[in-house]
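Heads up: the structure comes next, in structure tokens.
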Amino acid sequence: MKIGRLIWREILHRKLGFGLAVATVAAAIACLVAVAGLLGAHDLRTSAKIEEMNAEAANMEAKFAADVKAYEDSVRKTMKGLGFNVFIFPEGQELGEVYAKGFASKTMPEEYVSRLAESKIVTINHLLPSLTRKLKWPEQERTVILIGIRGEVPLAHRDPKKPLVDRVKKGHLVLGYELHKPLGLTEGNATTFMGREFIVGKCHGERGTKDDITVWMHLSECQELLGEKGRINAIKALECNCATLDRLAEIRREIAGILPGTKVIETESKALARAEARNKAQKLTLDTIAAKKAETAKLRTDRDALRSEDKQKYSALLAVVVLAAIIWVGFLAFSNARDRQAEIGILRAMGTPTGTILGALLGRAFLVGLLGTGITLLFAFLLSDSLSQGALQGFDLRSLQADVPLVLVSTPLLACAASWLPALQAANRDPATILRND
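If you use our numbering, the sequence shown corresponds to residues 155 to 592, in order.
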């Protein structure tokens, strides 16, 4: 008799035992699918949360990047609106005198500004050396403030900046409102200042400050008139928008390393306060983005730890279920072989080979594993949409189809392994002993 026919007759003759064995395998595979689905759903939720948080951080970064140029332009305009807000005075200069008079009485070498420009200083830019004195305009019998300036000195390690003030050409004067208006001077007029002929290069409008009684001229000509050749009494600068919260201390520390002994002051203004507020807003945005990234990293770590813990629990449960299924399938195989020993004895007595008997019993076990696995996987895939919308929260069981061949092969082999000893024992019994006992 052929093995296939024996297997088929065996199944028909012992439907209940065969059905119980198939149900046992199906239950074990269902547990396996459930574990895979739950872990997959966990991974899906983790990925969704991380993607959501990453997208939120990316949106924040994109918005920050989009705003940063406008922010920097605004800060530059704000800082330029301050004019020069950092002043460097000579060593030994009393700042009280500066506050009282508006300028320093002591002087320092003009080459100091070149030394600053050639350094790697980063806290200031727009360097402008100047020489300031309050004196009598003898030809007009007026007290004026004389300021000698030259073009701004660019920092060697930076790109050239647009100057905050226009340079004064040699042989020219720039006059404040209370000087040119009463004297009837206009741009292009000639005038005499301290015995030297000058052309009025520019006339400022009314400002309501000391600028209205100020005369500006080229620094070298101012030095000659005052007998201060190669000397200045201040270096004006514009603070960079990159200093720390202790801004002035940082500027002083950097300048002291280049020009020891000099005094540094910073002027306050509403514009500076706005620039500081923008700096704080920028820092807050960066801190928020960093916090969001840290939160995302922590979420990933926590979710990975939770997945590892769940996997251990599910694996332990699955191991118990699989072991119980193997024992139960083995027990059913043993019971079936014991109940069929008379028939096995007759077949053996009729000359059926041991291999055929063994093949029939193991073939039945193989079908148990194959059918149990196939039924479970079929139902799992048919119900995948419902499960995805329910317990698995978006995870599609069909994504596990790459593992189906492995399960379809390994499960029948495990069923055969569980049935091996009972089948081997039944196939090897002496038919005479079996028939004599029966």
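Each residue gets a CB set at the ideal place from its N, CA and C atoms; glycine is no exception.
- DSSP places residue 256 in no beta strand (DSSP E); its state is neither H nor E.
- For residue 283, the enclosing beta strand (DSSP E) begins and ends at 278-291.
- For the pair residue 284 and residue 390, the CB atoms are nearer than the 8 Å cut-off.
- If you ignore the 5 residues before and after residue 183, its C-beta comes within less than 8 Å of the C-beta of 526, 527, 530, 531, 561 and 565, all in its own chain and listed in chain order.
- Between residue 301 and the set 372, 485 and 511, the nearest pair of CA atoms involves 372.
- DSSP, reduced to helix, strand and coil, places residue 263 within a strand of the structure shown.
- By DSSP's assignment, residue 351 forms a beta bridge with 346.
- Apart from the 5 residues on each side of it in sequence, residue 488 sits with its Cβ closer than 6 Å to the Cβ of 576 in its chain, given in chain order.
- Per DSSP, residue 323 lies in no alpha helix (DSSP H) and is assigned neither H nor E.
- In summary, residue 293 is exposed, with fewer than 16 beta-carbon neighbours lying within 10 Å of its beta-carbon over all protein chains present.
- Within a 10 Å sphere around the beta-carbon of residue 244 sit 16 or more other beta-carbons, which makes this residue buried.
- Counting only residues of its own chain and dropping the five nearest sequence neighbours on each side, residue 439 has a CB closer than 6 Å to the CB of 218.
- A residue is called buried once 16 or more other Cβ atoms fall within 10 Å of its Cβ, and residue 306 is buried on that count.
- Taking C-beta separations shorter than 8 Å and ignoring five residues to either side along the sequence, the partners of residue 412 in its chain run 269, 270, 273 and 275, following chain order.
- Taken through DSSP and simplified to helix, strand or coil, residue 309 comes out as coil.
- Under DSSP, no beta-bridge partner is assigned to residue 214.
- In this structure, residue 420 keeps its C-beta atom at 8 Å or more from the C-beta atom of residue 252.
- Under the three-state reduction of DSSP, residue 368 is assigned to strand.
- Boundaries of the beta strand (DSSP E) harbouring residue 417: 417-420, taken from the DSSP string.
- For residue 185 against residue 563, the beta-carbon gap comes to about 19 Å, at or over 8 Å, which does not count as contact.
- Where residue 393 is concerned, there is no enclosing alpha helix (DSSP H), although the beta strand (DSSP E) around it starts and stops at 388-393.
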